[in-house]
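The numbering of the sequence shown is full-length UniProt numbering, which starts it at 1 and goes up by one.
Here's the structure we're looking at; comments come further down.
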Amino acid sequence: MAPQKALELIGNSLTSQYERWHPKARYKCQLDPTLEAVKKLCTTCRSFAKSERVLFHYNGHGVPYPTSNGNIWVYNKLSNMVCIEANS
């Protein structure tokens, strides 16, 4: 199976599982996003959620584990690893 197809299959599977647990919630799947895409998604989700919770499912395959402060690692457009601070 092609890597992109496998990634889409995993994303669709996770989305359908979450939809079974909470069918009224909104879901947005970002497959292998860049730093800019993650920041935009977080900002958009936060503005739609207002004072409600936002669940962020992060599978950091191929990057270091999140830090004890909650910072996560993603790749930028140049495929360099970048750390996103939890409070940014």
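Ideal Cβ placement from N, Cα and C applies to all residues, glycine included.
- Between the alpha carbons of residue 24 and residue 35 lies a distance of about 28 Å.
- The continuous alpha helix (DSSP H) containing residue 18 extends over residues 3-21.
- Ranked by Cα distance from residue 56, the options 10, 38 and 20 are led by 38.
- Note that the C-beta distance between residue 28 and residue 41 is below 9 Å.
- When the Cα atoms are used, residue 73 and residue 31 turn out to be separated by approximately 14 Å.
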